[in-house]
Amino acid sequence: MSKTCRRLLAVISILHAAALPGLARAEETGVFQFLEEETKVVSTSRLPQSIRSAPATVYVVTAEEIKSSGAQTLWDILRTVPGVDVMTTRTGQGEVSIRGLNKALSDKTLVMVDGRTMVTDFFGYTIWESIQVSPEEIDRIEVVEGPVSALYGANAVAGVINIITKKPAQIKGGLLSYTQGLNVGGGEKNARFGTFLYGDQKGKLGYKLDLGWRSLNHFGGDHDQASAVRKANALLSYDFSPDTQLSLSAGISGVDTQVTTGLTGTTDQKGPVSYARTDFRHKDANLRFFWNRARLASKNFTAFSEPNVDYDTYDLTADRSLDLPFENSLVLGGNYRKNTMKSKIFSPGLLEQDIWGLFFENQWKPIDHWKLVASGRLDRHPYTDLIFSPRGSVIFAPVPQHVFRYSIGKSFRNPTMVENYLSFNTSSPATDPTLVFMGFTDVESLVNGRRNLTPEKMFQMEAAHTGDFGRVKTTLTGFHYRLKDQIVTSAVERDFATFPTLTTVSTFQNEGEVSALGAEFGANITVTRETALFANYSYESVKGKLSTLVSRNGGPRHKTNGGIRYKAKGVTASLWADWVDTTYWNVSPHGGTTSYEKLPDYTLINAHAGYEFTGKLQGLEIGLGVFNLSGFNHHEIMRRQSADFPGMSGEVVRARWTGTLAYHF
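Per our numbering, the sequence shown runs over residues 36 to 700.
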């Protein structure tokens with residue numbers, strides 16, 4: 036372990052072991068304090084919960100913390116959350132996973148916006164730049180760690196990231212913001228972000244509009260565009276009564292972003308990604324429908340002849356909560372989802388999937404200080420058996436300041452439409468000297484999906500403690516999980532019988548089992564009302580037969596974060612560091628003999644400073660943000676080394692300095 040890691044671990048140990056007794060008597064609440072007693076998280080359960088009584092490990096990143104961090108992408112916002120693995124794979128592409136197993140096109144974590152899934156159902160990954168909301172519209176981000184399929188079904192294998200946007204009454208006015216990259220630090224200088232946000236609540240009518248655009252150039256080339264996005268998001272709501280509300284919302288983002296697909300290289304994803312949604316609430320009943328739509332083209336993707344993907348997802352969810360005798364609450368509900376897709380790399384015509392699920396959750400407080408939570412979900416996929424995902428939690432709070440929890444549960448990931456339906460073949464001249472010597476003139480490659488794949492399944496258990504020592508809030512979690520039936524690409528088979536054409540065939544298959552053991556510790560310290568410190572450490576050891584797209588040990592074994600935030604008299608400032616341990620990545624071509632190479636550990640130092648004017652200039656705000664303050668050039672996923680050893684096509688990560696001018700009205 037590096038000196039940086041040892042120092043930060045020492046800081047955490049000192050804060051937990053030494054500082055707590057001295058600070059325990061202080062009860063001052065700081066400007067960065069998330070008010071757990073008043074604010075409820077909505078992602079850990081079908082019923083709103085305080086963080087302390089939640090039946091799963093949950094971390095919340097507030098709007099104030101997002102603003103003070105100076106983070107310039109949605110995935111960078113999550114770097115300080117314990118247990119979350121974040122990688123910048125290309126300048127405009129980030130990958131996020133929970134408790135290991137991160138990779139290009141990561142597919143083990145469910146990403147949502149206000150409960151609407153952002154995962155692309157055709158291949159199970161999230162296009163972060165396509166998310167239609169701007170950072171200024173976000174109220175908080177809830178990160179739920181551990182299996183959550185009992186609530187959300189497929190894809191919530193390792194956890195859920197739910198981006199909660201501001202209600203119209205929270206916006207209450209308008210915001211104009213412009214951010215420009217600065218020619219400082221020798222990194223990417225041409226970042227440009229713009230936002231217009233307006234919203235308000237007028238009696239029973241609420242409305243908001245978010246317009247934004249983003250442009251990033253490659254870290255390695257100042258005039259080579261990496262990502263360009265235009266986005267719009269709107270909501271209209273009406274309160275018929277305190278118990279009845281209807282809302283309509285829609286959004287669209289025009290995406291032009293270069294992404295890495297792992298061993299098969301990079302591609303430029305272009306096209307519109309949009310949604311339409313309606314929510315209806317009456318007393319204890321909720322009804323939600325949304326339609327996700329995308330028309331994407333993958334340009335410069337020679338591995339698959341520049342495929343197009345047109346997909347639509349229609350999702351309907353209904354639930355009802357009931358208050359039962361003896362401190363008992365029950366939620367019952369159901370979900371129906373229809374996926375459709377069309378692409379030239381699949382069989383001709385429109386492909387369809389009909390998926391449904393039934394779920395329940397029961398919370399019971401049998402005696403003082405104890406709460407039991409049991410939930411489960413039954414899901415049906417057209418090509419798999421019925422699958423049941425249970426989750427149970429025992430929560431014990433001997434005193435309000437200390438809560439102990441033990442949880443156990445199962446989660447799963449269904450085969451994607453690509454894994455079920457892919458039907459692709461391409462032919463090219465034989466260039467390998469050995470094949471040419473043997474007399475082969477052409478190579479025909481076939482890649483096919485399979486309908487008889489089984490879902491990936493994870494079993495996980497965890498024990499946790501949350502502590503309130505006055506100015507110091509702590510979390511400590513230990514976990515163990517087993518993942519089996521991973522869906523991976525098969526070894527390439529060669530058919531020499533088609534001479535002089537060599538035919539290669541590969542498909543998808545279920546393979547291998549993985550086990551992991553890990554722990555997370557975090558501390559948040561309110562030093563004064565204006566100043567807050569935070570530090571956390573994550574450890575995980577992953578063993579077993581891993582996909583060749585994942586790093587050899589399932590991810591970095593050690594990660595640690597630490598920082599300081601300050602806000603007073605219009606001044607906002609922060610400085611924080613993120614250290615990530617060494618990883619080892621496969622660099623061999625797809626289908627070749629696996630060969631791993633080391634990716635060194637790295638430290639990111641990030642900073643932000645802002646000032647809100649008063650008096651005649653009230654409403655005006657300026658800010659300076661720095662990503663990778665030290666200018667340490669590094670890779671977070673294995674770079675491309677040569678045509679014979681492609682690695683994961685990771686891009687170098689360099690510094691980025693930005694200046695922001697904003698006006699609130």
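The C-beta atom is built at its ideal place from N, Cα and C for all residues, glycine as well.
Under the three-state DSSP convention, the category residue i falls into
i	result
residue 57	At residue 57 the pLDDT is 39, less than 50, meaning the model places this residue with poor confidence and gives no usable figure here.
residue 698	strand
residue 472	helix
residue 334	strand
residue 277	coil
residue 165	helix
residue 143	coil
residue 652	helix
residue 532	helix
residue 362	coil
residue 126	coil
residue 307	strand
residue 632	strand
residue 172	helix
residue 254	coil
residue 524	strand
residue 157	coil
residue 685	strand
residue 339	helix
residue 12	Residue 12 is absent from the model: the chain starts at 36 and stops at 700.
residue 62	At residue 62 the pLDDT is 47, less than 50, meaning the model places this residue with poor confidence; the figure from the coordinates comes in the next sentence. Here residue 62 sits in coil by DSSP.
residue 539	strand
residue 509	strand
Residue closest to residue i, alpha-carbon to alpha-carbon, out of the options
i	options	result
residue 134	667, 633, 591, 664	591
residue 149	176, 250, 518, 162	176
residue 146	130, 136, 666	130
residue 612	99, 77, 111	111
residue 222	341, 253, 165	253
residue 436	185, 404, 247, 482	404
residue 397	462, 426, 374	426
residue 527	537, 565, 274	537
residue 234	200, 214, 249	200
residue 429	409, 646, 692	409
residue 319	92, 304, 365, 307	365
residue 557	501, 515, 505, 531	501
residue 561	599, 173, 490	599
residue 608	208, 90, 100	100
residue 282	309, 299, 182, 313	313
residue 535	471, 259, 555, 378	471
residue 381	484, 476, 529, 473	484
residue 311	622, 303, 510, 284	284
residue 203	240, 121, 127	240
Opening and closing residue of the alpha helix (DSSP H) in which residue i lies
i	result
residue 98	98-104
residue 456	452-456
residue 380	That residue, residue 380, is in no alpha helix (DSSP H); it is neither H nor E in DSSP.
residue 203	203-206
Neighbourhood of residue i by C-beta, 8 Å cutoff - its chain only, sequence neighbours within 5 removed
i	result
residue 301	125, 293, 294, 295, 335, 336, 684
residue 649	605
residue 383	none
residue 488	418, 419, 450, 454, 455, 522, 543, 544, 545
residue 635	617, 669
residue 58	Caution is warranted here: a pLDDT of 40 is assigned to residue 58, below 50, making its placement in the model unreliable, and the coordinate value is therefore given only provisionally. Cβ within range, chain order: 504, 505, 506, 507, 560.
Own chain, CB closer than 7 Å to residue i, minus 5 neighbours either side, in chain order
i	result
residue 157	344, 346, 376, 451, 452, 453
residue 171	210, 212, 230, 232
residue 317	278, 279
Residue span of the beta strand (DSSP E) that contains residue i, given as start and end
i	result
residue 496	491-504
residue 185	Run containing residue 185: none in the beta strand (DSSP E); it sits in the alpha helix (DSSP H), 184-187.
residue 109	Note, residue 109: premise wrong, no beta strand (DSSP E); alpha helix (DSSP H) at 109-112.
residue 15	Residue numbering for the chain in the displayed model covers 36 to 700; residue 15 lies beyond these limits and cannot be assessed.
residue 612	606-615
residue 672	Segment: none, residue 672 is in no beta strand (DSSP E) and carries neither H nor E.
residue 550	543-561
Same chain only: Cβ atoms within 6 Å of residue i, ignoring 5 sequence neighbours per side
i	result
residue 268	167, 168, 245, 286
residue 399	363, 407
residue 322	315, 353
residue 576	552
residue 548	519, 579
residue 11	The structure shown does not extend to residue 11, since the chain is modelled only from 36 through 700, so no value can be given for it.
residue 675	681, 682, 684
Problem set entry | Start-end ranges of the alpha helix (DSSP H) lying completely within the stretch 390-436, minimum 4 residues | none
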